[in-house]
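What follows is a single structure, written as structure tokens, with notes after it.
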Amino acid sequence: MQNSQIGEHVQCLDMLRVESASGSAQPFHECAILLEIWDSGGLLQTSMAIPIETTISIRSIADGLPAKVVFCEQDDYGFLVKIAVSEPGWFPESYTPPYVMTSLKAAKKCA
């Protein structure tokens, strides 16, 4: 993933386990599909709404990567949830999804 630029949204695919941060008033566990990733966040598809400003833990990454929900909107398949990750270098240095569509690959498929 050396070709990705800062802030560039990259289409990807991974299944992640997300849950409420410890001590949350309304605890939850959810499987989420990671659809896009960038250096400071990502876009998840979930089956439940997660309120904006909720701190979540992505249990599938490291020992539970903390993230904050900055957007949540219902769509035809559930909910699109945009997260902000404050940990520096989380993508691509610390974590890269198993399936990633780089800009070059996307351009070739559209040609």
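Numbering (this note's numbering), first residue to last: 1 to 111. The beta-carbon is built from N, C-alpha and C at its ideal position, and this holds for glycine as well. Keep in mind the model is a prediction, meaning the values are calculated, not measured.
Considering only Glu-8, Cys-31, Ile-58 and Ala-49, the residue with the shortest C-alpha distance to Phe-79 is Ala-49. Within the segment 45–86, complete beta strand (DSSP E) segments of at least 3 residues are found at 55–58, 65–75 and 78–84, given in chain order.
Between the alpha carbons of Thr-96 and Gly-64 lies a gap of roughly 15 Å.
Counted as a single uninterrupted DSSP element, the beta strand (DSSP E) harbouring Asp-14 occupies residues 10–20. The beta carbon of Ile-52 sits closer than 8 Å to the beta carbons of Val-69, Val-70, Phe-71 and Cys-72 from its chain, once the five residues preceding and following it are set aside; these are given in chain order.
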